[in-house]
Amino acid sequence: MNLKRTYYELKAIIDNLDFSSLWTGFKPLKFALYNDEECFFNGQFIPKTDAFIANTSIQYEGEYIAIWYLTQEVDMDILASKIIHEMFHGFQMLHQESRFPDDLEALITYEYSKDNLSIKLTENNLIKQLLKDFDPGQFNKLLYLRHYRLLHFPFEYLYESAVEQIEGTASFVELNTLLQIAPDKYRQQIKEMVSKITEPSNLFPIRIISYSIGALIFLLLKKHQLYSFEFFSDETITTSMLKGSPIYSDALPIFPEMTNLVDTYFSESALIIEAALSKDCCVLSGNYKLLGLNVYDAKYYKGHIISTHFLMYQDGESSAVIKGDFVICLSSGKTIQKVYKI
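Here is the structure:
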């Protein structure tokens, strides 16, 4: 994988983008491509540090930059849109964005309730319908259902809304990047997103699908000029837009298969945990504060976290990172007791 060549191919695409049409006030940031051995940033190879973890935005030498872990050839248009997604996270931090979700807390606390998820699946099907054929009455129904969940499942709704705010807006900007550089891929991406959000099994874990749900809601709001959202505030858009919404009083949607999906999600998590504990490949033991992990697809079950790719923890006065897929045994709260390799 030639990082230098790929960097300049990406830069040529990004330099031709109209950032002002992606989001009000959005401007390009520098970006870096890296792999396990090297890192190419701002026209030169630089030493790779522990700060380069995952695909995200980090602060490097006093400025926010986008970083992307690249080990194989990929579609350049798609990759450019992903880099813009990460640049947007840097843009959020530059503007003191305050609506970031507490992913570690939600990982432990979010309750996978069949009732909540049945309503959510109905919402997602409404989003699909509204994107195809907008109807004000159906849009109001979407608001009513979301308002109901906010009232009856507040922790779950507010967490989803926070992910929609942070990752949904970045995914919305990512989509609009594709609209500029490859309209056919933009339409295909929307088609795939709609398919994903209406598949019940994709509600597990909830964080992943919230990217697409958020992006599609913002697309809907923008297309039909329903609600202004290109600004920074203390309240998430998908919460603030519910103000004044009537209380939902109709029969609640029920999906009988949701109970089985919830049970399957936890039983599969239990099997992964049991297998790792039986393997008994312990890579860390003691009492360490959990600082971070790959929250994208992390799972929690009965005091154990399943984490992929990396784990960050407090080791004395500094932080330490171990790479790999792990089962993390918690003693209490966010304190690591043991870590087992999967």
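Numbering (my numbering), first residue to last: -13 to 328. Using N, Cα and C, we set each Cβ at its ideal position, and we do this for glycine too.
Between the stretch 57 to 76 and the stretch -1 to 12 there are three or more inter-stretch CB-CB distances shorter than 8 Å, so the stretches are counted as touching. Rounded to whole angstroms, Leu90 and Gly48 show a C-alpha spacing of 27 Å. Just measuring C-alpha positions, the residue of Leu161, Gln323, Glu243 and Ser104 sitting nearest Ile69 is Leu161.
The beta carbon of Met298 lies closer than 6 Å to those of Leu277, Gly278, Ser305 and Val307 in the same chain, with the five residues before and after it left out. If you ignore the 5 residues before and after Phe120, its C-beta comes within less than 7 Å of the C-beta of His210, all in its own chain and listed in chain order. By the neighbour-count definition (other C-beta atoms within 10 Å, threshold 16), Ala37 is an exposed residue. Out of Lys182, Ser6 and Gln45, the CA that lies nearest to the CA of Phe17 is found in Gln45. Sequence-distant partners of Glu(-5) (beyond 5 residues in either direction) whose C-beta falls short of 6 Å from its own C-beta, in its chain, are Met62. Pairing Ser317 with Leu93, the inter-Cα distance amounts to about 15 Å.
Rounded to the nearest whole angstrom, the CA to CA distance from Tyr143 to Phe215 is 19 Å. Beta-bridge annotation (DSSP): Asp301 is paired with Ser304. Taking C-beta separations shorter than 8 Å and ignoring five residues to either side along the sequence, the partners of Leu238 in its chain run Asp101, Ser104, Ile105 and Tyr134, following chain order. Linking Leu136 to Glu178 through their CA atoms gives a straight-line distance of about 27 Å.
Non-local beta-carbon contacts of Leu129 in its own chain, meaning distances under 8 Å to residues more than five positions away in sequence, involve Met227, Leu228 and Ser231 in chain order. A direct Cα-to-Cα measurement between His295 and Lys309 gives close to 6 Å. The stretch 271 to 290 and the stretch 180 to 193 touch, with no fewer than 3 CB-CB distances between them shorter than 8 Å. For Ser99, the closest of Phe141, Ile183 and Ser271 by C-alpha to C-alpha distance is Phe141.
According to DSSP, Gln30 shares a beta bridge with Phe27.
Assignment of Glu97 by DSSP, reduced to helix, strand and coil, places it in the coil class.
In this structure, DSSP gives Ile113 a helical state, which the three-state scheme calls helix. For Leu65, there is no enclosing beta strand (DSSP E); the residue is part of the alpha helix (DSSP H) that begins and ends at Met62 to Leu80. CA-CA distance, Val313 to Lys288, rounds to 12 Å. Pairing Pro87 with Ile152 gives a Cβ-Cβ distance under 9 Å.
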